[in-house]
Structures are given as structure tokens and as C-alpha cells.
Amino acid sequence: MKHTTTLILTLLLSGTISAQGICDSVISIAPIPPICQGTGLDYLETSHPWGKFTGPGTSLSDPYLDAENLNPGTYTLTYTITGPGGCTVQATRDFEVLPAFEMNTWVQGKIDCSNPNSQVMVMAFLTPDPNGVQYQWPSWEGPDGQSFFNQSFQASYAGRYKMMAFPSNGQGCPAYAFAEVGFKNNPLQINIVSCSNCNAPGGTRVTLDTIPAGWGNPRYSLQVGFFDNSQCRELMEPGLLKVTLTNPDNGCVSEATRFFSSLTKTPSVSAGSDVGLWCGGTPNLLAATEPKNNDNTYSFFWERPNGTTFPASWGSTLPVSEPGAYVLRGLNLFTGCQTSDVANVSPAPPLVGTEIKVLCDGESYLGHTQTGNYTDTITLPNGCEKIQFTKIIVLAPLVAEADITPDNGSGNGSIDLEITQGWPFFSYNWTTSETTEDIANLQAGTYEVSITDGNNCIHVREFLVPAGKSSARLNTLQALVYPNPTTSQTGQLQVRIHTRQEDQGNLVLLDGLGRMVRQSPVSLQVGENTINLEGALPAGMYYCVWQNSAGAEVLDKLVVVEFIHR
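Counting in numbering that gives the first Met the number 0, the sequence shown runs from 0 upward without gaps.
Following this line, the structure appears as C-alpha cells:
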């Protein structure tokens, strides 16, 4: 209900003109009569359709001029038509808003949304204006379209009520008033949810989670205030969205808001290129996600082959340590639409090594001690496995023979060493610190030599210089080895020693080269002592030697002959 000034339509341009030729046209707005403050409403006429109005009291989608919220004064409207290719033509028109008297109103309470019979009193005070003009015939227009023709009435619908009353003298603008009827106890809570179809073209579409039957459609407003009345609408630009739903019975309004930084319904992802997993290295997968300015609306993450996940974002990297398919997923948490891409990490071929190894006699490599070709799988210090092909050459052992002269008690023992097999040239290092092949002037005892050959192999040999029969100690021991001679099949020998004093030492068995083949710790008692030596011996000449802290002496010779089975 507005006070509308009647217009006489004037045809400014005869005929019609298409939008194709608008860029070359001159357009205009028909003259606008003065309108009254608070109640003025005028339909705007133009020479050409398809344009939009901008300026005070106008709406982009409505060809009306509304003075409800304008103060008295002169204003300018602009009318713009956009043609093909983006060309624009414009026209302007001034208009005047006349002053009107605004009356006071009173509202008793608020509409109780939980009570279907709730009402509140609304009243306007018909007081004279400052010039003493009286007003009559008050009429109200409610937000639901209802009209009331009294100074006061019972309102059952929340919202803004507008009143106007006419001057008693019939001159000037109507007086006007506004009354805002609020509400309370609204039980309906609403939320903005998605109504997008992930498989259909277009962007993000929204609606409300609750729309009671018969309530009509929600109203959407985004940033500058556009709206439509569909139940499921597609958002055209990001920003703060507000959606309102009005109860048709009482005007109670439920409201929900949500901020959209992006309207991408289904995010896009790229997992990058496939990579190979080399032992000891940790390659990275590079994620590309859209939209880049990720917020709580989107979730990007990797799924590893073992089922675990790792967050992702634009330009982020994922270190990989195991082969398999790595899936990069993008999910719009609002629409539920998702996408994925896969990067495959391939296991690299195993490391392979080939080597020729020369070993000295007695050495080992990877557990191998014999000449031959070997294939081993070894674990490197970094945990990687390597297949090793090795050709091992074991050098022939060094053979050293010695002619040993016993010490007769005057320190005249000697060791005459002869190398009969080995790789020349040789160097020697005796425990006596001598570096010659042979050593002399030795007391009875054990001597060790380290022999280094031409392959830099080190061979250690030990020799025993016994005490000769002229030693004074021979008077204290009498010994016999039994059976003697014996055969290589005999598994036990007896050594009988008679002594006139107690003694402690080792009973040592040396071969013909002076090498120790047996050693047993023994405690001798005064009188007859019997010691058993277990184990068969190869054929050859052996010496039974008594060794104590004072030195060593030969007790007896032992001959072992080869056993011949007949």
C-alpha cells in the first residue's frame, strides 16, 4: 500500500530496437513526479528495456522507486543497458522527495513462536504535526500483506508494519509510521546444507536441512543482497551466505549463515609423476590441489599402501619409503564430492656387486674359507640389501720346518727355520724381537714367530726349545710313554712320571717340527704319576715335554706308525 503518483506514459522513441543496436542508441528515463517521504512509490518508465536502475530508492531487479527510507531532498537515478561485447549506454534522471510527518508507534511485547495463538498490540499515535495539521483514516499494511484500518490492532505475525494517515485538510503528503513486531521462542533451527549433484555440471548448490511443508521457499542473500526463492539454488560467487526461512503462520524467521571461500563443488588433485624407490634414498611425491586456498570446506590427504593417511595441500610433499600405490584424495566436506589421483612408487632393482677376493690361509670372507665362486645377500650399514657375487682365491698355506737344538742349561738352544712352501719374499718377527730367519742362544721355552710373506699374509708359528739331557733337572724326573711305538689307530696313551718332589706344569706333546699338538695341565705328586693322553695321532715322530715355570725338558720320544688293516 503506497501513495503512487499517476503517470502519463510518454513514448520517447517510436518502434522497437533490438539489443544488437543498443550501443549506438540514446536512451532516457521518463520524468519522475515528486514523491512523498515514507510512502512514495513510483513506477519508472524508460525508452528502452533490458536495463538496470541504480541509485537511492532503487532495486536492480525492480523498476520501482521507493521513498520509504529516503529523507526529503533531490536525488539522481542512473539507468544502464549493457549490449553485446560489453558496451554500455546510460541515462540519468533527477527526482524530488517531499517531506512527510512520521508518527510514533507502540508495540506490546513479541510474538511467541511456540504459541500458535500469540498476539501483540500495535498502536500509532495520531498527533498533529508541528504545523498543527491533523491526520485521519489511518491504515496499516503488514509484512504478510494483511491490512488494518484502525489506529491500533492485534498483530499475530512478526515483521515490519507500515502505517499512513491522510491530512484532514486534504493537502500535503500522508503521515507515516513503522512498527517492528519481534518474535521469541523460535523452535525451528536451520542449517545450510548441500543439494549439489556431484555427477551433474555446475557448481555448489545449497538448501536448508529443514523446510516444513507449506512454508514456501527460503530466501538467500549473499554479500550485496541478491536473493531468489528456490529451494535449491546454485551459488554464483563466494562470500558470506545468509539464508532465511519465514514461518507463514506467524512470521517467525529462522536464519543460517555459512562462509564460502570457494564454490568448487568437486576439488581436483594431481599426485604427480610415478617414482622409483632406490635403497638408501627417500623420494618425495608432490601434491597439487585445487582450490589452493584450502579451508575447512576441503580435505586433501594421501593414502599410503599400508592404509595410513597423511595430510596434503597445494605444493606439499610426501616422503615415501615403501613401494605401492599412493592415492591423493580431495574431498569437499560440504558437498560430499570427491576425486582422487594415483602415483605409483616402484621398487628399485636390488644392488649388485662383483668382487674378487684373495685370502690368506686361515682367513675368511662372508663366512667362506675355500677357493670358489659364491653368491651372498648381504645387508649394508644403511639397512639395504645387496647381492654380492664373489670369486675367492685362498692362497696356499705357508710350510715352515725347524731344526731345534735343545738348551743344555747354558742357554745354547737354537731354532733353525726353513720355509719349504710359501710366497716370497719373507720377513720375520720373533717374540725375542729378532727379525732374522734363525735365532740362537736360547733358553729352554716356547718361542713364537710372525712370518709375513710376499702377499702380505701373516703366518704365526710356535716352537718349543726343550732342555737337553745334561740339565740338572733330569735327576728329579723319570718318565715313560706307553705304548711306544704305537699306531695311528691308538686312541689313548699313558705317560708315567716318577718324581722326587711335587711340581706343577704342563705335559706338552710336540711333533717333529716342534709344533705343539697337545697340552694338558698336570700336578705331580712325589712318586709315581700316571697321565692319560686321549685321541689318536697321525704317523710321525713326537716329543713328550714337561714344561713348568723353570723351563721345559724332553721326557721321552714317541713314535707313531701308520696303521695298516690286513
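Just so it is clear, CB atoms sit at the ideal spot from N, CA and C, and this is done for glycine as well.
Nothing here was measured: the structure is a model prediction, and the numbers come from that model.
Item to check | Residues near Leu-536 in its chain [Cβ-Cβ closer than 6 Å; skip 5 each side] | outcome: Position 537 of the sequence shown holds residue 536. Excluding residues within five positions, the ones whose Cβ falls inside 6 Å are Val-559.
Checklist entry - Which one of Pro-200, Val-192 and Gln-170 has the shortest CA to CA distance from Ile-210? => result Working through the sequence shown from its first residue, we reach residue 210 at position 211. It is Val-192 whose Cα lies nearest to the Cα of Ile-210.
Item to check | First through last residue of the beta strand (DSSP E) which encompasses Glu-67 | outcome: In the sequence shown, counting from the first residue as 1, residue 67 sits at position 68. Premise fails: Glu-67 is in no beta strand (DSSP E) and is neither H nor E.
Next on the checklist: Using CA atoms only, rank isn't needed, just tell me which of Gly-131, Phe-177 and Pro-127 is closest to Ser-151.
Outcome noted: On the sequence shown, position 152 is the one that residue 151 refers to. Among Gly-131, Phe-177 and Pro-127, the Cα nearest to that of Ser-151 is on Phe-177.
Item to check | Sufficient close CB pairs (3 or more, under 8 Å) joining the stretch 385–397 to the stretch 351–366 | outcome: yes
Next on the checklist: Pull the bridge partners of Val-459 from the DSSP assignment, please.
Outcome noted: What you label residue 459 is simply residue 460 of the sequence shown in a count that begins at 1. DSSP lists Ser-449 as partners of Val-459.
Checklist entry - beta strand (DSSP E) containing Glu-561: first to last residue? => result Translated into the one-based positions of the sequence shown, residue 561 becomes position 562. Where Glu-561 is concerned, there is no enclosing beta strand (DSSP E), given that its DSSP letter is neither H nor E.
Checklist entry - Under a Cβ-count criterion, where at least 16 other Cβ atoms within 10 Å of its own Cβ denotes burial, should Phe-562 be classed as buried or exposed? => result One-based indexing of the sequence shown puts residue 562 at position 563. It is exposed - the Cβ of Phe-562 has fewer than 16 other Cβ atoms within 10 Å.
Item to check | Length of the line joining the Cα atoms of Gly-412 and Leu-512 | outcome: In the sequence shown, counting from the first residue as 1, residue 412 sits at position 413. In the sequence shown, counting from the first residue as 1, residue 512 sits at position 513. For Gly-412 and Leu-512, the distance between alpha carbons rounds to 15 Å.
Item to check | Within 8 Å, strictly: CB atoms of Leu-284 and Gly-271 | outcome: Within the sequence shown, numbered from 1, the residue matching residue 284 stands at position 285. Within the sequence shown, numbered from 1, the residue matching residue 271 stands at position 272. Cβ atoms of Leu-284 and Gly-271: closer than 8 Å.
Checklist entry - Glu-533 bridges to which residues according to DSSP? => result Here the question's residue 533 lines up with position 534 in the sequence shown. Bridge partners of Glu-533: Gln-491.
Next on the checklist: Checking 8 Å against the spacing of the C-beta atoms, do Asp-415 and Val-464 come in under that value?
Outcome noted: Position 416 of the sequence shown, counted from the first residue, corresponds to residue 415. Position 465 of the sequence shown, counted from the first residue, corresponds to residue 464. Result no, Cβ atoms of Asp-415 and Val-464 do not sit closer than 8 Å.
Next on the checklist: With H, G and I counted as helix, E and B as strand and the rest as coil, what does DSSP make of Ile-26?
Outcome noted: Here residue 26 is taken as the residue at index 27 of the sequence shown, counted from 1. DSSP places Ile-26 in coil when its eight states are reduced to three.
Checklist entry - Which partner residues does Ser-267 have in the DSSP bridge list? => result As a working note, residue 267 is residue 268 in the sequence shown. The partner list for Ser-267 (beta bridge, DSSP) reads Glu-289.
Checklist entry - Can you list, in chain order, the residues of its chain whose CB lies under 7 Å from that of Gln-488, leaving out five sequence neighbours each side? => result Counting from one through the sequence shown, the residue named residue 488 turns up at place 489. Correct list, in chain order: Ala-535 and Phe-562.
Checklist entry - Is DSSP giving Pro-520 helix, strand or coil here? => result As a working mapping, residue 520 is identified with position 521 in the sequence shown. Three-state result, Pro-520: strand.
Next on the checklist: Using 8 Å as the cut-off, can you tell me whether the stretch 374–384 makes contact with the stretch 323–341, which would need three or more C-beta pairs spanning the two stretches below that distance?
Outcome noted: no
Checklist entry - At what residue ranges does the stretch 376–448 contain a whole run of the beta strand (DSSP E), taking only runs of 3 or more? => result 384–393, 398–404, 412–420, 426–429 and 438–441
Checklist entry - If we call anything under 8 Å between Cβ atoms a contact, is Val-121 one with Val-106? => result The sequence position of residue 121 within the sequence shown is 122, counting from 1. The sequence position of residue 106 within the sequence shown is 107, counting from 1. Yes, the Cβ-Cβ distance between Val-121 and Val-106 is below 8 Å.
Checklist entry - Looking at the structure shown, is Ile-355 part of a helix, part of a strand, or coil, going by DSSP? => result As a first step, residue 355 is located in the sequence shown; it is residue number 356 there, counting from the start. Of the three classes helix, strand and coil, the one that applies to Ile-355 here is strand, per DSSP.
Checklist entry - Is DSSP giving Ile-189 helix, strand or coil here? => result Residue mapping note: residue 189 aligns to position 190 of the sequence shown, counting from 1. In this structure, Ile-189 counts as coil in the three-state DSSP scheme.
Item to check | Per-residue DSSP class, three states only, for Pro-83 | outcome: Start at 1 with the first residue of the sequence shown, and residue 83 comes out as number 84. Residue state, collapsed to three classes: helix.
Next on the checklist: Could you check whether the Cβ of Gly-352 sits closer than 8 Å to any Cβ belonging to chain D?
Outcome noted: The structure shown contains no chain D; it holds only a single protein chain.
Next on the checklist: Taking the straight line between their C-alpha atoms, what separation do you get for Ser-409 and Gln-442?
Outcome noted: Here the question's residue 409 lines up with position 410 in the sequence shown. Here the question's residue 442 lines up with position 443 in the sequence shown. Rounded to the nearest angstrom, the two C-alpha atoms are 7 Å apart.
Checklist entry - Do Ser-229 and Asn-216 have their CB atoms nearer than 8 Å? => result Taking the first residue of the sequence shown as position 1, residue 229 is located at position 230. Taking the first residue of the sequence shown as position 1, residue 216 is located at position 217. Yes; because the gap between Cβ atoms is below 8 Å, this pair is in contact.
Checklist entry - Given a threshold of 16 other Cβ atoms within 10 Å of its Cβ, counted over all protein chains shown, does Arg-92 qualify as buried or as exposed? => result If you number the sequence shown from 1, residue 92 lands on position 93. Looking at its Cβ environment, which holds 16 or more other Cβ atoms inside 10 Å, Arg-92 is buried.
Next on the checklist: Suppose the cutoff is 6 Å on Cβ atoms and the five residues either side in sequence are ignored; what does the same chain contact list for Leu-187 look like?
Outcome noted: Locating residue 187 in the sequence shown gives position 188, counting from the first residue. So the qualifying residues of the chain are Ser-253.
Checklist entry - Can you tell me where the beta strand (DSSP E) with Ala-311 in it begins and where it stops? => result Translated into positions along the sequence shown, residue 311 becomes position 312. First-last for Ala-311: undefined, no H or E at that position.
Item to check | DSSP-derived helix/strand/coil call for Leu-473 | outcome: Stepping through the sequence shown from its first residue, residue 473 is reached at position 474. Low per-residue confidence applies at Leu-473: pLDDT is 40, beneath 50, and the placement is therefore not dependable, though the value from the model is reported in the following sentence. Helix at Leu-473.
Item to check | Limits of the unbroken beta strand (DSSP E) element including Leu-240 | outcome: In the sequence shown, counting from the first residue as 1, residue 240 sits at position 241. Counting along the chain, the beta strand (DSSP E) containing Leu-240 begins and ends at 238–245.
Item to check | Residue from Thr-431, Ala-466 and Phe-424 whose Cα sits closest to the Cα of Cys-456 | outcome: The count along the sequence shown starts at 1 and reaches residue 456 at position 457. Cα-wise, what sits closest to Cys-456 is Phe-424.
Item to check | Opposing strand residues paired with Pro-346 [DSSP bridges] | outcome: For this step, residue 346 is matched to residue 347 along the sequence shown. Pro-346 is bridged to Leu-276.
Item to check | Integer Cβ distance of Phe-52 from Leu-43, believed to fall under 8 Å | outcome: Start at 1 with the first residue of the sequence shown, and residue 52 comes out as number 53. Start at 1 with the first residue of the sequence shown, and residue 43 comes out as number 44. Contact holds; Cβ gap of about 6 Å.
Checklist entry - What are the start and end residues of the beta strand (DSSP E) that includes Asp-510? => result On the sequence shown, residue 510 is found 511 positions in, with the first residue counted as 1. Looking at the DSSP string, the run of the beta strand (DSSP E) that includes Asp-510 is 502–510.
Item to check | Length of the line joining the Cα atoms of Ser-469 and Gln-420 | outcome: Your numbering for residue 469 matches position 470 in the sequence shown. Your numbering for residue 420 matches position 421 in the sequence shown. Because Ser-469 sits at a pLDDT of 40, beneath the cut-off of 50, its placement in the model cannot be relied upon, and the point is left open.
Item to check | Classification of Gly-275 by the beta-carbon crowding that lies within 10 angstroms, buried from 16 upward | outcome: The residue labelled residue 275 in the question sits at position 276 within the sequence shown. Label assigned to Gly-275: exposed.
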